[in-house]
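Right, one structure below, let's go through it.
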Amino acid sequence: MRKKLITANWKMYKTPDQTREFFRDFLPLVTDHERDEIAICPPFVDLPAASEAIKGSKVALGAQDMYWEKEGAFTGEISPIMLQAVGCTHVIIGHSERRQYFGETDDTVNLKLKAALEAGITPIVCVGEVLEEREAGITEDVLRRQCTRAFHKLSGKKAAKLVIAYEPVWAIGTGKTATPQIAAEAHALLRGEVAKALGDDLAAKVRILYGGSVKPENAKALMSEEEIDGALVGGASLDPKSFAAIVKY
Ligand code: PGA
Numbered sequence: 022m023r024k025k026l027i028t029a030n031w032k033m034y035k036t037p038d039q040t041r042e043f044f045r046d047f048l049p050l051v052t053d054h055e056r057d058e059i060a061i062c063p064p065f066v067d068l069p070a071a072s073e074a075i076k077g078s079k080v081a082l083g084a085q086d087m088y089w090e091k092e093g094a095f096t097g098e099i100s101p102i103m104l105q106a107v108g109c110t111h112v113i114i115g116h117s118e119r120r121q122y123f124g125e126t127d128d129t130v131n132l133k134l135k136a137a138l139e140a141g142i143t144p145i146v147c148v149g150e151v152l153e154e155r156e157a158g159i160t161e162d163v164l165r166r167q168c169t170r171a172f173h174k175l176s177g178k179k180a181a182k183l184v185i186a187y188e189p190v191w192a193i194g195t196g197k198t199a200t201p202q203i204a205a206e207a208h209a210l211l212r213g214e215v216a217k218a219l220g221d222d223l224a225a226k227v228r229i230l231y232g233g234s235v236k237p238e239n240a241k242a243l244m245s246e247e248e249i250d251g252a253l254v255g256g257a258s259l260d261p262k263s264f265a266a267i268v269k270y
């Protein structure tokens with residue numbers, strides 16, 4: 022059985038004060054929650070406040086992006102070592118908003134994925150098709166391409182911590198959710214791609230999260246699918262009660 026991972030992606034929301042406030046309200050709601058792993062990915066500047074707040078809890082901390090080099094003249098970037106120094110154990114890589122607005126490519130996803138695994142950080146690699154691609158019937162090709170390039174020159178042995186998030190771009194922040202069946206089909210395809218690139222053992226273990234308008238109202242139906250191993254939650258993760266309700270679907 023794969024333990025589900027419920028992850029919050031706060032995107033560009035909340036200051037350090039608002040971060041402390043969130044945890045003050047959120048942590049008591051999930052103190053006894055053992056069934057799933059919980060990770061929260063705030064903006065970079067909130068990481069120290071979040072790291073302090075989660076001490077003694079089972080909640081893990083993640084970042085929303087990172088650079089692949091350890092250090093250097095890379096203005097504006099953050100390295101894996103820096104993330105670890107402030108308590109991050111997880112990192113989101115290749116989110117569709119990074120791909121769409123900030124020039125993230127399949128190749129930079131591959132570099133970041135390898136750097137995260139090298140550093141011992143759990144990478145949550147996002148893949149997913151845009152609406153035009155789904156309508157043109159090329160979803161499978163898009164997912165296959167994203168996986169092939171993301172896993173380029175990666176070995177199954179090194180990829181033990183890999184997590185994938187299937188996020189159909191048309192479902193992100195739109196209120197439209199993929200049906201549990203659409204998601205389960207995509208997840209099965211992705212698991213097949215992991216098997217091809219990284220071996221059957223890893224494919225059986227790898228967790229594939231669903232992301233795109235996950236809310237308290239639809240979390241149970243999505244999480245009940247055997248192929249869905251957790252969620253990556255944007256908008257609905259900003260409110261402590263709503264995120265706790267998703268965690269406890
Ligand atoms: P959403 O975002 O839950 O607001 O749709 C999900 C994501 O972008 O990770």
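The opening residue of the sequence shown carries number 22 in this note's numbering; numbering runs sequentially from there. From the three backbone atoms N, C-alpha and C, an ideal C-beta is built for every residue, glycine too.
Residue i by DSSP, collapsed to three states: which one?
| i | result |
| --- | --- |
| residue 215 | helix |
| residue 186 | strand |
| residue 122 | helix |
| residue 208 | helix |
| residue 199 | coil |
| residue 175 | coil |
| residue 113 | strand |
| residue 129 | helix |
| residue 259 | coil |
| residue 227 | coil |
| residue 59 | strand |
| residue 268 | helix |
| residue 94 | coil |
For residue i, which option in the options has the closest C-alpha, if you only look at C-alpha atoms?
| i | options | result |
| --- | --- | --- |
| residue 241 | 220, 201, 206, 161 | 201 |
| residue 23 | 260, 119, 183 | 183 |
| residue 199 | 180, 29, 152, 37 | 152 |
| residue 111 | 118, 157, 119, 102 | 102 |
| residue 174 | 206, 215, 155 | 215 |
| residue 105 | 32, 91, 117 | 91 |
| residue 233 | 33, 159, 192, 221 | 192 |
| residue 56 | 251, 196, 31 | 251 |
| residue 35 | 54, 221, 71 | 71 |
| residue 266 | 248, 88, 244 | 244 |
| residue 74 | 107, 96, 226 | 107 |
| residue 87 | 37, 129, 223, 196 | 129 |
Tell me where the alpha helix (DSSP H) around residue i begins and ends.
| i | result |
| --- | --- |
| residue 160 | 160–171 |
| residue 153 | 152–156 |
| residue 40 | 37–51 |
| residue 84 | No alpha helix (DSSP H) contains residue 84, which is instead part of the beta strand (DSSP E) from 81–84. |
| residue 240 | 237–244 |
Just confirm the distance between the C-beta atoms of residue i and residue j, as a whole number of angstroms; I'd bet it's less than 8 Å.
| i | j | result |
| --- | --- | --- |
| residue 146 | residue 177 | Incorrect: roughly 15 Å between the Cβ atoms, too far for contact. |
| residue 204 | residue 246 | 7 Å |
| residue 229 | residue 211 | 6 Å |
| residue 219 | residue 180 | 5 Å |
| residue 109 | residue 134 | Wrong, their Cβ atoms sit about 15 Å apart, outside the cutoff. |
| residue 51 | residue 268 | 6 Å |
| residue 255 | residue 30 | 5 Å |
| residue 208 | residue 159 | Actually they are not in contact, since the Cβ atoms of residue 208 and residue 159 sit about 18 Å apart, beyond 8 Å. |
| residue 117 | residue 149 | 6 Å |
Is any heavy atom of the ligand NAD found at a distance shorter than 7 Å from the C-beta of residue i?
| i | result |
| --- | --- |
| residue 111 | Of the ligands one can find in the structure shown, namely the ligand PGA, none is the ligand NAD. |
I need the boundaries of the beta strand (DSSP E) containing residue i, first residue and last residue.
| i | result |
| --- | --- |
| residue 101 | Where residue 101 is concerned, there is no enclosing beta strand (DSSP E), although the alpha helix (DSSP H) it sits in stretches over 101–106. |
| residue 144 | 143–148 |
| residue 29 | 26–30 |
| residue 181 | No beta strand (DSSP E) contains residue 181, which DSSP labels as neither H nor E. |
| residue 70 | Residue 70 -> not in any beta strand (DSSP E); alpha helix (DSSP H) instead, spanning 68–74. |
| residue 192 | Counting along the chain, residue 192 falls outside any beta strand (DSSP E), and DSSP gives it neither H nor E. |
| residue 251 | 251–254 |
Three or more beta-carbon pairs under 8 Å between the segment 126–143 and the segment 186–197, yes or no?
-> At 8 Å Cβ cutoff, the stretches do not touch.
Are at least three pairs of beta-carbons, each pair with one atom in the segment 25–33 and one in the segment 56–70, less than 8 Å apart?
As far as the Cβ criterion goes, the segment 25–33 touches the segment 56–70, which means the pair count is three or higher.
* Asked: Do the segment 164–173 and the segment 72–83 touch if we need at least three Cβ pairs shorter than 8 Å?
  -> Because the criterion of three Cβ pairs below 8 Å is not met, the segment 164–173 and the segment 72–83 do not touch.
* Asked: Counting pairs of beta carbons, one from the segment 248–266 and one from the segment 44–51, are three or more of them closer than 8 Å?
  -> Touching, per the Cβ criterion.
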